[in-house]
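A short worksheet on the structure shown next.
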Amino acid sequence: MDTAPVRTAERAAFYDELAPKHMAPLWEVLRALMTREPATPCVPAIWHYDEVRPYLMRSGDLITAKEAERRVLILENPALAGKASVTHTLYAGLQLILPGEVAPAHRHSQSALRFVLEGKGAYTAVDGERTYMSPGDFVITPSWTWHDHGNDSEEPMVWLDGLDIPLVGFLDAGFVEPGNTETQLVTRPAGDSLARYGSGLLPVDWRPTSPTSPVFNYPYARTREALAQMERQQEWDPCHGLKLRYVNPATGDYAMPTMSTFMQLLPRGFAGAPYRSTDGTVFVCIEGQGETRIGDRTFAWGPRDVFVVPSWATHRHRAVAESVLFSFSDRTVQEKLGLWREARG
Ligand code: GTQ
Numbered sequence: 000m001d002t003a004p005v006r007t008a009e010r011a012a013f014y015d016e017l018a019p020k021h022m023a024p025l026w027e028v029l030r031a032l033m034t035r036e037p038a039t040p041c042v043p044a045i046w047h048y049d050e051v052r053p054y055l056m057r058s059g060d061l062i063t064a065k066e067a068e069r070r071v072l073i074l075e076n077p078a079l080a081g082k083a084s085v086t087h088t089l090y091a092g093l094q095l096i097l098p099g100e101v102a103p104a105h106r107h108s109q110s111a112l113r114f115v116l117e118g119k120g121a122y123t124a125v126d127g128e129r130t131y132m133s134p135g136d137f138v139i140t141p142s143w144t145w146h147d148h149g150n151d152s153e154e155p156m157v158w159l160d161g162l163d164i165p166l167v168g169f170l171d172a173g174f175v176e177p178g179n180t181e182t183q184l185v186t187r188p189a190g191d192s193l194a195r196y197g198s199g200l201l202p203v204d205w206r207p208t209s210p211t212s213p214v215f216n217y218p219y220a221r222t223r224e225a226l227a228q229m230e231r232q233q234e235w236d237p238c239h240g241l242k243l244r245y246v247n248p249a250t251g252d253y254a255m256p257t258m259s260t261f262m263q264l265l266p267r268g269f270a271g272a273p274y275r276s277t278d279g280t281v282f283v284c285i286e287g288q289g290e291t292r293i294g295d296r297t298f299a300w301g302p303r304d305v306f307v308v309p310s311w312a313t314h315r316h317r318a319v320a321e322s323v324l325f326s327f328s329d330r331t332v333q334e335k336l337g338l339w340r341e342a343r344g
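The following block contains the structure:
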């Protein structure tokens, strides 16, 4: 089982005959195709915000948000250079919108999430509703919804974009359409969807028409408050500290159909137990300071740093100060397909 069959001269000659017929012998590749455990080429990596920010600001001098359509520096997994991928299924990038700028309306099959890192008061508009963003907010752009971004504030705005671009590309299921107008018409007041769907209530006769949460913005203030309240119970998971998943209030499922999102609190001095799961995960520190050991490498992180843990890589978190980590992965897809696995210890 573990050793490949001998490649005799006669066999090799046979394989050469097969190639022009667009056929190949499975037994030559079986061990690479199906491995005992996930064998991703993806590697762990970290982007320290202090190092990345000057490049982001330089991109702001070079091109406008309008000309770029989206002024984003892609965070590429070092093992996937040129592939615009942070894991095999996920894309991550840092988007900059300067005061007065607009990123014009478009829509695409790919779902997007925003996790705000810097600035306050810029907006993203989804389906006629603007949501004004603050650091730590988790904002959703559902598949095939019109969206534009704008910054009416006095400061630069930076957020982490998470998209399912590689996954949708693998499925050959992507469409994109430019908007007719740069900025879409505002048809609902800011905060409408949060009040309507995100208050533990739902409009009485409303039924979901999409697999994506109707709540566009999960404000950090509320998330942090939930963590602070639950922290008092002192029920720490040995691997995760106190970890919550963002939820679609209409279904109880994850907030998005292709990406799962999480927020976790690690108490000061937390020394987590080893953990691994099949969903390669992007983490963002929003508060605190600590380090994550991934395999045999240690990555120290602080506020606004972004790091990626590949599929099935054993890792453990440590926190020097009380810390809050946002994360996203393709776990929801794997769970729906019956593929997701985790292991502790
Ligand atoms: O804001 O719509 O980072 O379409 C990549 C593609 C952001 C966006 C990205 C996009 C967007």
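The sequence shown lines up with residues 0 to 344 when you count with numbering that gives the first Met the number 0. Even glycine gets a Cβ: it sits at the ideal position worked out from N, Cα and C.
Does the distance from the CB of Gln183 to the CB of Trp145 come in under 9 Å?
yes
For a quick check, are the C-beta atoms of Ala272 and Arg315 less than 9 Å apart?
yes
Residues whose Cβ lies closer than 5 Å to any heavy atom of ligand 1, in chain order:
Arg69, Val71, Gly92, Asp160
Any idea which residues DSSP pairs Tyr90 with across the strands?
Leu162
Can the beta-carbon of Phe298 be found less than 9 Å from the beta-carbon of Pro77?
no
Does Leu265 come out as helix, strand or coil in the three-state DSSP assignment?
strand
So is the beta-carbon of Trp145 under 8 Å away from any non-hydrogen atom of ligand 2?
With respect to ligand 2, the structure shown offers nothing to examine, as its ligands consist of ligand 1.
Residues that Met132 bridges to, as DSSP identifies them
For Met132, which the question treats as bridged, DSSP gives no partner whatsoever.
Integer-rounded CB distance, given that Gly178 should sit under 8 Å from Gln109
With a Cβ gap of about 16 Å, Gln109 and Gly178 do not count as contacting.
Taking its Cβ as the centre, do 16 or more other Cβ atoms sit within 10 Å of Val85, making it buried, or is it exposed?
buried
Sufficient close CB pairs (3 or more, under 8 Å) joining the region 303 to 311 to the region 262 to 281:
yes
Could you tell me the alpha carbon to alpha carbon distance between Tyr219 and Ala254, rounded to whole angstroms?
15 Å
Can you check whether the CB of Thr130 is closer than 9 Å to the CB of Leu112?
no
Taking the alpha carbon of Phe114 as the point to measure from, which residue in Asn150, Leu162, His107 has its own alpha carbon closest?
Leu162
To the nearest angstrom, how far is the alpha carbon of Gly118 from that of Val51?
16 Å
Who pairs with Ala342 in a beta bridge, going by DSSP?
Arg275
Expressed to the nearest angstrom, what Euclidean distance is found between the alpha-carbon atoms of Arg244 and Ala12?
55 Å
To the nearest angstrom, how far is it from the Cα of Glu290 to the Cα of Arg267?
12 Å
So Asp191 and Glu128 are supposed to be a Cβ contact under 8 Å. How far apart are they, rounded?
6 Å
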